[in-house]
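Undergrad:
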Amino acid sequence: INSLKVNEDVFEGNYSINSGTLTPRIYIWDDALPANMLKNVVILANFSNTSQDIVPDFPYTGTWHDLMDDTGSTSISVLDTTDPITIASGGFRIYGNAIPETLSNQSFEVNNVLKIYPNPVENTFSINKTIDGLQVYDITGKLIKSFDGTFEKGHGFDISELTQSIYFIKIKNSSGEIQSAKLIKI
Numbered sequence: 001i002n003s004l005k006v007n008e009d010v011f012e013g014n015y016s017i018n019s020g021t022l023t024p025r026i027y028i029w030d031d032a033l034p035a036n037m038l039k040n041v042v043i044l045a046n047f048s049n050t051s052q053d054i055v056p057d058f059p060y061t062g063t064w065h066d067l068m069d070d071t072g073s074t075s076i077s078v079l080d081t082t083d084p085i086t087i088a089s090g091g092f093r094i095y096g097n098a099i100p101e102t103l104s105n106q107s108f109e110v111n112n113v114l115k116i117y118p119n120p121v122e123n124t125f126s127i128n129k130t131i132d133g134l135q136v137y138d139i140t141g142k143l144i145k146s147f148d149g150t151f152e153k154g155h156g157f158d159i160s161e162l163t164q165s166i167y168f169i170k171i172k173n174s175s176g177e178i179q180s181a182k183l184i185k186i
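Count the sequence shown with this note's numbering and you get residues 1 to 186, in order.
#1: If contact is defined by three or more beta carbon pairs under 8 Å, each pair taking one atom from either stretch, is the region 148 to 157 in contact with the region 126 to 134?
#2: On the three-state DSSP scale, how would you describe D53?
#3: Rounded to whole angstroms, what's the CA-CA distance from A88 to T50? Just pull it up for me.
#4: Residues in its own chain within less than 8 Å of T124 by CB, not counting five upstream and five downstream?
#5: Is the beta carbon of T140 closer than 8 Å to that of I26?
#6: Whole angstroms are fine: how far does the CA of T82 sit from the CA of N173?
#7: Considering only C-alpha positions, which residue in the set K185, I169 and I186 is nearest to I178?
#8: Taking the straight line between their C-alpha atoms, what separation do you get for T21 and N119?
#9: Compare the C-alpha of P100 against each of A35, P84 and P24 and name the closest.
#10: How would you write the range of the beta strand (DSSP E) that A181 sits in, first residue to last?
#11: Between G154, R93, S73 and I76, which has its C-alpha nearest Q52's C-alpha?
#12: Contact check, S77 vs T86 under 8 Å by CB: the rounded distance?
#13: Using the DSSP secondary-structure output, state which residues sit across from A45 in a beta bridge.
#14: Beta-carbon separation of I127 and L114 under 8 Å?
#15: So for N18, helix, strand or coil by DSSP?
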């Protein structure tokens, strides 16, 4: 997610957030970008404790790609922009009108996976490795909180002041490698 935010021009464009319920929708777009580039992003989330059918209100019909699929091979065909999409409790979907360069050119390392526990979290979470800093980003990619310094494996990170939402954390280890993961705040 962070790589998309940093590398894709659409995230420098406009956005709209439809919230106030447990099923918010976020729209990100840049009309100045050509149609063959990632120029529209639709984010759907479900913060309720049951599965929900969410009306996405896609900006137009056509093929929408699952931006959380690292391979770029998962997509849906949208024939009606108001056909609901079922999202499990605590789940979210991020769709884009095109496969971004970020996904198509990046190789992903599966060793040394970053794990957050507990997740979902109420107040304090820990991670499974020693790190040299941690940042918390909201679903739009905005930096919300930073923890600076070196933290041992199992250190507790207090996020009790954050609102109930989906966040992304980015860490840097002592080798300078950066990893990210999804964090659900309940």
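Yeah, the Cβ is synthetic: ideal placement off N, Cα and C, and Gly gets one too.
Quick caveat, the model's predicted, so the values are computed rather than measured.
TA: Looking at the atomic coordinates:
#1: As far as the Cβ criterion goes, the region 126 to 134 touches the region 148 to 157, which means the pair count is three or higher.
#2: Here D53 sits in strand by DSSP.
#3: Roughly 7 Å between the two C-alpha positions.
#4: Beyond the five residues adjoining it in sequence on each side, T124 comes within less than 8 Å, by CB distance, of G156, F157, D158, I159 and S160 in the same chain, given in chain order.
#5: For I26 and T140, yes; Cβs fall inside 8 Å.
#6: The straight-line gap from Cα to Cα measures roughly 43 Å.
#7: Here the closest residue by C-alpha is I169.
#8: If I take the Cα positions, the gap works out to 22 Å.
#9: For P100, the nearest C-alpha among the options comes from A35.
#10: Counting along the chain, A181 sits inside the beta strand (DSSP E) bounded by residues I178 to K185.
#11: Taking only the C-alpha atoms, the option nearest Q52 is R93.
#12: Cβ-Cβ separation between S77 and T86: approximately 16 Å, too far for a contact (criterion under 8 Å).
#13: A45 pairs with F92.
#14: With contacts defined by Cβ atoms closer than 8 Å, I127 and L114 form a contacting pair.
#15: Three-state DSSP puts N18 in a strand.
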